[in-house]
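Engineer:
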Amino acid sequence: MTPRLGAMALVLPLLAFVTASFLIPLGTLLSKSAWQPEVSSVFPQTISALGDWDGAGLPPEEAFAAMALELPIAREERTLGRVSGAINRVQSGMRGVLNRTARRLDRVEHTGSWRDTLAGIHADWEDPQTWLAIRQAGARFTLSHYLRALDLERQEDGSIGLRPEESRVYTPLMWRTLLVSLGVTLLSLVIGYPVAYMITNSPPARGRILLLLVLVPFWTSLLVRTTAWIVLLQRQGVINGFLVSLGLVPDDGRLQMIYNMTGTFVAMTHVLLPFMVLPLYSVMCSIPRSHMAAAVSLGAAPLQAFRRVYLPQTLPGIGAGSLLVFILAIGYYITPALVGGRTGELISSQIAYHVQTSLNWGLAAALSSILLVAVTVLYLIYSRVIGIERMRLG
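In terms of the working numbering, the sequence shown is numbered consecutively and its last residue is 1474.
(1) In terms of residues, what are the limits of the alpha helix (DSSP H) holding residue 1246?
(2) Which residues does DSSP list as the beta-bridge partners of residue 1115?
(3) Confirm, please, whether the CB-CB distance from residue 1371 to residue 1389 is below 7 Å.
(4) My output table needs one value for residue 1315: the three-state DSSP class, helix, strand or coil.
(5) Does the region 1377 to 1393 touch the region 1442 to 1458, meaning 3 or more C-beta pairs lie closer than 8 Å?
(6) Which residues in the same chain as residue 1266 place their Cβ atom closer than 6 Å to its Cβ, once the five residues preceding and following it in sequence are excluded?
(7) Please report how far the alpha carbon of residue 1262 lies from the alpha carbon of residue 1326, in whole angstroms.
(8) Specify the secondary structure class of residue 1233 as computed by DSSP and reduced to three states.
(9) Quick check: the Cα distance between residue 1336 and residue 1400, rounded to an integer number of angstroms?
(10) Can we say the region 1101 to 1120 touches the region 1428 to 1447, given the rule of at least three CB pairs closer than 8 Å?
(11) My guess is that residue 1205 and residue 1143 are in contact by the Cβ rule of under 8 Å, so how many angstroms apart are they, rounded?
(12) State the Cα-Cα distance for the pair residue 1103 and residue 1165, rounded to the nearest angstrom.
(13) Between 1405, 1406, 1151 and 1426, which has its C-alpha nearest residue 1414's C-alpha?
(14) Express the C-alpha separation of residue 1233 and residue 1122 in angstroms, rounding to a whole number.
(15) Look up residue 1369 in the DSSP assignment and say whether it is helix, strand or coil.
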């Protein structure tokens, strides 16, 4: 076996693991954002009958007959709930129309016209919007999830425009998520750089103790750390009590530091700070101390020596730590959900809601896809401006 084949054989298990645990789930998720075969697979004859309908007036009798045939089958096979939910997301109220019609079809007398029969069960069957919603939900390929994720909608003339301002939910959350992630990254850098510098330049015994304190959060449950901040930051918590005891804050004017953006910033920075400190510490350890001494001996002031000699050598660590913190922050869910409240909510909470509660996996996949594209674009900008080859973890 040649060395190249041997190296490939060693890599194959890792490649198989990454493919099975990451690439395949990611591809499945992305496909759900635009591929929705549920309605068309349960109502194939109805969707086919609506294919040639121009949308003006009511569809032909063939569509009413196909719906009357397929609704009881869907109810018997227990697929009606999932399908009615998909159609209901296009037009509110359709879940009730479909479920009521499916229950009563076997008990009503067919008069010869399925249009009259269905209209006798529910008047919405004589509304063209009902059939337009079914046809739209029955499209196997759709961009409706992406339109909703971007707070866009199709206008009556067929064009695409912004939703009313009071109905926009996801784009404000996207911008908030990006700004919070950048803010947490900057705050972690401001706090983490002096900490890493102090660990690097302390005596060995003290440096090991400081490094141990940085590593302690890795050994503590994320839920425990987040809950601890709730105890510390709440109105009757430790920090407010300390400020009141010092007379800095009146007892009836305690600060609201939890269940808002302040709590989100504090808790996320605490959790992610080690991911900034460790790359910086690793890079700083590789910088000879003689560089600063040489700069000072050549006439540079300490601050000038730091800015022109030491800081440029730590840029790989700054880049690595910033990238790690930002990518982790942009997808954080547990911490903002627990301490952020309504004003500190990030887009990850909405993704989790649609996956676990509303079961609108298509919209969750579209939101995740947009988030993935945003991270990729920022990564490419970082690589273009700073250079990914300069990033070092040690």
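Yeah, the Cβ is synthetic: ideal placement off N, Cα and C, and Gly gets one too.
The structure presented is a predicted model; accordingly, all values stated were derived computationally and were not measured.
Structural biologist: To lay it out plainly:
(1) Counting along the chain, residue 1246 falls outside any alpha helix (DSSP H), and DSSP gives it neither H nor E.
(2) DSSP, once it has assigned bridges, lists 1221 as partnering residue 1115.
(3) yes
(4) coil
(5) no
(6) none
(7) 34 Å
(8) strand
(9) 34 Å
(10) yes
(11) Not a contact, Cβ separation roughly 10 Å.
(12) Rounded to the nearest whole angstrom, the CA to CA distance from residue 1103 to residue 1165 is 29 Å.
(13) 1426
(14) 26 Å
(15) coil
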